[in-house]
Amino acid sequence: MTEIGLTPAEAQAAALEQASGARIAATEADGHITSTGLTNEKLGMWVFLGSECLLFGGLISTYLLYKHNNQAGGPLPHELYDIPFTSISSFVLLMSSLTMVLAVGAAARGDGPKLRTWLLTTALLGSVFISGQVYEFQSFVKEGMGFTTNSASSAFYTLTGFHGVHVTVGIIMLISVAVLSWRGRIPKERAESVEIVGLYWHFVDVVWIIIFTVVYLIK
Amino acid sequence: MALTTPDSGPLALPPGERTVENPLGLFARPRTKTGWRSWVSTVDHKKIGIMYGAAAMFFFLIGGIEALIIRLQLAAPDGKLVSADLYNQLFTMHGTTMVFLVVMPIGAAFMNYLIPLQVGARDVAFPRLNAFGFWSFLCGGIVLNSAWLLGGGADGGWFNYAPNNGVTYSPTHGIDFWNMGLLITGIASLTGAINLIVTCLNMRAPGMTLMKMPVFTWMGLVTQFLLLFAIPVLTAAQFLLMFDRLFNANFFRVESGADPLLWENLFWIFGHPEVYIMILPAFGVVSEVIPVFSRKPIFGYQFMVFSGIAIGFMGWGVWAHHMFVSGIGPISVAAFSVSTMFIAVPTGVKILNWLATMWGGKLRLTTAMLFAIGLVGMFTIGGLSGVTHAVAPSDTQQTDTYYIVAHFHYVLFGGAFLGFLGGMYFWWPKAFGYMLHEGFGKLHFWLILIGFNLTFGPMHILGLQGMPRRTYTYKDGYGFNFWNMVSTIGAFTIAASMLIFAFNILYSWRKAKAAKLSVPADPWDGRSLEWMVASPTPAHNFDEIPVVRTLDDFWHRKYGENEAGKLVRIAATEDVIQDGSNTDVHLPSPSYWPLVLAAGLPFIAWGLIFNLWLCVLGGAMVIAALYGWVMEPSVDDEAPHDHGDDHDGGDHGDDEAAAEIEDAEPSGEAEEALVD
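If you're matching them up, the sequences are chains A and B in order. Numbers in our numbering are just positions in the first sequence, counted from 1, shifted up by 77. Numbers in our numbering are just positions in the second sequence, counted from 1, shifted up by 6.
As structure tokens, this is what we get:
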């Protein structure tokens with residue numbers, strides 16, 4: 078402390094002097110100090126999701142540009158949509174957000190068995206959604222709309238496919254966290270890892286709400 | 007003792023749990039601190055910054071050779087050095103290399119090295135992610151340039167407009183390499199952005215509010231936000247192009263009724279923020295250099311910061327000025343014309359503030375200062391020719407002529423690159439522990455300034471005379487001969503000046519080594535926190551995390567005001583610096599996993615182009631590396647460390663002060679920091 082010419086008393090005085098403006102950080106359970114009070118990992122996930130918005134923004138714009146474009150022939154996506162079927166699989170995906178919240182709650186209480194139950198339920202609901210998407214893609218291909226059929230079909234498969242890949246990555250993360258919890262590595266004080274995976278999962282759900290509305294419901 | 011990273015990251019092993027000695031049975035955790043292994047496994051933001059800079063200078067050599075071949079071809083009419091096809095590849099690869107593999111990574115080098123030091127942190131928020139960012143940048147650069155060995159480079163210009171970028175018009179794999187290489191460097195930009203944004207927002211020293219951050223760090227933060235939002239747009243566009251070229255999708259095939267403007271819009275929504283991604287870090291460098299060598303604080307700090315933020319916001323609303331001749335309609339043209347003129351305002355604010363900082367200052371014309379002044383002058387010329395592009399009727403005359411080439415070289419070479427060279431002279435002693443020779447430095451500066459103006463100045467004239475861009479030759483009698491020859495002479499002058507720079511590095515290093523010279527912590531009488539630590543920066547950065555009270559805190563530890571308001575020294579520099587003697591600091595441990603993860607990516611890229619089996623290999627590497635990474639604690643408990651075991655005993659005044667500040671102000675609002 079002497080090296081920089083500050084005694085603790087001086088430092089404290091300096092600190093109090095600017096206490097009104099300076100927001101010096103809450104302390105986490107492990108004693109690590111951050112300026113915002115959020116952990117680096119959680120803030121990092123928020124920042125990453127901000128970036129993801131623009132990725133999906135680009136793909137959704139592409140779909141909107143091409144949704145009526147079948148100049149190369151073949152059917153348009155909205156001639157083939159099975160709205161009741163997709164509504165059910167959308168509902169399943171939305172319910173997985175609820176079970177994710179329950180998992181985060183269980184993790185915060187340090188309830189390992191409940192945590193694993195809800196994580197695996199969330200993963201299962203996500204898998205049901207993905208199965209629905211695979212079935213939907215197959216039936217569209219059978220009806221003559223493949224990936225390369227026309228600009229609209231390319232845009233449709235790319236957008237929904239990118240979302241499907243995001244859900245799949247989420248499922249892998251959920252199962253990984255469940256395995257970690259089973260091996261005793263998600264104690265109460267590290268419940269935040271579940272919360273961070275949850276942030277990603279909710280984001281993927283929110284993106285689906287937009288895709289379902291913009292792509293499927295609006296003609 | 008404050009740790010750089012919590013030893014219990016969310017998914018890491020709990021503290022105290024034994025590290026698996028050979029995760030996945032592959033290799034032992036690296037522990038060496040010297041030799042090449044310490045570089046390939048490093049997670050130290052300083053080493054990563056230096057590697058970014060070194061790799062960028064290597065790619066500068068490649069891009070520079072491409073430029074020299076272009077200038078030789080155009081030196082005289084009817085040039086026969088290269089074919090039209092090879093010429094197309096050369097200017098495409100020159101542009102792509104200089105943008106993505108030179109200017110962006112030099113900016114990344116400075117930001118990686120300096121941001122943690124300037125905010126008073128011991129490392130970035132995610133050290134291993136930082137290493138991964140560097141390795142994936144390098145792998146992306148390798149994939150892009152591997153095209154030269156595997157059938158020829160991309161040939162559609164650095165923006166690769168549709169439909170020229172389709173297999174119909176560009177049947178070689180060149181554009182596939184371009185596409186894959188830039189997707190991989192995009193990963194590097196994304197991880198870097200997440201890392202440095204979190205570092206700036208979350209890892210500031212006690213008292214370092216946002217409005218006490220140095221201007222360089224502020225410009226870095228704005229740049230990273232631009233990267234965060236611009237890169238995914240390019241990524242989306244590149245995925246569409248990849249699906250078109252490799253899997254027969256219909257995004258850009260005009261024969262299937264696709265709209266070529268989709269690519270142009272997506273590319274420039276990325277591409278215009280990209281312009282500011284390249285120039286803002288250089289603005290930051292200059293904003294650090296000029297106050298130090300004027301012995302004055304930066305003029306209008308708040309204005310500097312907010313004009314940088316304004317450029318960041320407005321940079322999103324001007325992209326279509328690249329498309330005035332593409333038929334976007336009069337309303338779009340008018341709107342983007344106005345917004346483009348408007349963005350010149352915050353840029354002009356910055357120029358004015360630099361001039362006002364120098365005004366009445368006690369100038370020291372060191373090499374770094376000369377380069378900084380060079381940026382101010384050359385960027386102003388480039389900025390003014392940019393405003394002429396904002397005037398749409400004038401732009402339609404200038405589009406696709408050498409006038410455009412002159413404009414963007416004035417802002418990117420005369421702006422960004424000169425600024426970065428100045429930054430290198432300025433921070434070289436901090437990074438490497440020896441000074442660059444000032445005499446050779448000044449020779450370097452004057453030669454590059456003259457060479458630069460000889461090269462790109464005549465291009466204004468050629469452009470207005472009607473010489474088109476991207477033309478591989480021209481006929482005698484068009485009136486282009488003289489200025490093209492001047493331009494070629496200028497290009498070789500630039501090359502000579504860069505050789506002097508390389509010689510200077512070697513010469514100064516030898517001299518410092520022979521005379522056993524060491525550089526003081528604060529050779530320039532600096533203002534920001536990085537000058538408070540020993541040169542070269544010790545691995546742990548700060549012996550004690552400083553408590554920050556003012557903007558330019560380090561300066562105010564050295565100087566105060568007397569009753570008459572005159573500047574007086576209140577402490578000797580030796581008394582306020584830290585000598586790097588504290589070895590009682592836990593640092594994040596080195597790891598090979600970031601390198602393994604990044605090394606899998608080129609195999610996926612080559613696999614998509616040539617043979618999908620390679621993708622299996624690359625994918626296996628990526629998955630293995632991901633799990634190895636997650637299961638490896640960020641701090642290696644088994645590592646031999648040279649510090650005492652009594653960590654609590656290592657607590658120092660500043661940490662206690664930090665704890666007391668918390669007691670005094672346990673919670674604050676983010677808004678307050680912005681207002682402060």
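C-beta atoms are modelled at their ideal positions from N, C-alpha and C, and glycine is treated no differently.
Quick one: give me the first and last residue of the beta strand (DSSP E) that residue i is part of.
| i | result |
| --- | --- |
| Y565(B) | Y565 to E567 |
| V574(B) | L573 to R575 |
Within the same chain, show all residues whose beta-carbon is closer than 7 Å to that of residue i, passing over the 5 residues directly before and after it, in chain order.
| i | result |
| --- | --- |
| T98(B) | G159, A160, D161, G162, G163 and W164 |
| L267(B) | S332 |
| I495(B) | L460 |
| L449(B) | I506 |
| V109(B) | M284, L418, A422 and F423 |
| R476(B) | F97 and G163 |
| G447(B) | T373, Y431 and N510 |
| A577(B) | R563 and K564 |
| K356(B) | F289, M310 and S313 |
| H658(B) | At H658(B) the pLDDT is 38, less than 50, meaning the model places this residue with poor confidence; the figure from the coordinates comes in the next sentence. Closer than 7 Å at the Cβ level, and outside the excluded window around H658(B), lie E550. |
| V685(B) | One cannot answer for residue 685(B) here, as it falls past the ends of chain B, which runs 7 to 682. |
| A545(B) | D50 and L593 |
| R575(B) | K564 and Y565 |
| V181(A) | V271, E272 and G275 |
| G213(B) | V553, V554 and R555 |
| F106(B) | L188 and T191 |
| F438(B) | P542 |
| A264(B) | N256, F257 and F258 |
Among the options, which one has its Cα closest to the Cα of residue i?
| i | options | result |
| --- | --- | --- |
| S524(B) | G532(B), R533(B) and S514(B) | S514(B) |
| S216(A) | G238(A), D159(A), E118(A) and T116(A) | D159(A) |
| G318(B) | G226(B), D250(B), W154(B) and T556(B) | G226(B) |
| R516(B) | V492(B), F419(B) and H443(B) | H443(B) |
| P244(A) | V271(A), I273(A), F214(A) and A200(A) | Before going on, a small fix: residue 244(A) reads as Val here, not Pro. Cα-wise, what sits closest to V244(A) is A200(A). |
| F348(B) | H327(B), W365(B), M186(B) and F65(B) | H327(B) |
| T237(A) | V211(A), V124(A), R186(A) and S112(A) | V211(A) |
| R259(B) | N146(A), E213(A), W195(A) and V242(A) | N146(A) |
| S231(A) | I273(A), L120(A), L142(A) and N117(A) | L142(A) |
| P399(B) | A127(B), M491(B), G335(B) and T102(B) | G335(B) |
| W154(B) | L87(B), I181(B), F143(B) and M320(B) | I181(B) |
| L294(A) | H155(A), E129(A), R193(A) and W123(A) | H155(A) |
| M364(B) | K302(B), C145(B), K522(B) and T353(B) | K302(B) |
| I387(B) | H413(B), A378(B), Y409(B) and F377(B) | H413(B) |
Going by the DSSP bridge assignment, what does residue i pair with across the sheet?
| i | result |
| --- | --- |
| T407(B) | P474(B) |
In the DSSP assignment, find the alpha helix (DSSP H) that holds residue i and state where it starts and stops.
| i | result |
| --- | --- |
| N490(B) | N487 to A520 |
| Q230(B) | V221 to F253 |
| G261(A) | Premise fails: G261(A) is in no alpha helix (DSSP H) and is neither H nor E. |
| Y282(B) | P266 to S300 |
| E156(A) | P154 to L157 |
| L632(B) | L618 to M637 |
| H592(B) | Counting along the chain, H592(B) falls outside any alpha helix (DSSP H), and DSSP gives it neither H nor E. |
| Q215(A) | G189 to K219 |
| F224(A) | Segment: none, F224(A) is in no alpha helix (DSSP H) and carries neither H nor E. |
| H279(A) | E269 to I288 |
| T579(B) | T579 to V582 |
Leaving out the 5 sequence neighbours to the left and right, which residues in its chain are closer than 6 Å to residue i when beta-carbon positions are compared?
| i | result |
| --- | --- |
| A90(B) | Y478 |
| W434(B) | L442 |
| F289(A) | S167 |
| V393(B) | A350 |
| G139(B) | A194, T197 and G198 |
| L623(B) | F609 |
Once the 5 residues before and after residue i are set aside, which same chain residues still bring their CB inside 8 Å of it?
| i | result |
| --- | --- |
| V628(B) | L603, G606, L607 and I610 |
| D282(A) | L170, L171, S173 and S174 |
| W45(B) | K53 and M57 |
(message) Quick check on the DSSP output: what are the complete alpha helix (DSSP H) runs of length 4 or more inside the segment 65-141 of chain B, in order along the chain?
(response) 90-102 and 110-125
(request) Could you tell me which uninterrupted alpha helix (DSSP H) segments, each at least 4 residues in length, are contained entirely in the segment 352-437 of chain B, listed from first to last along the chain? (result) 373-396, 398-404 and 408-417
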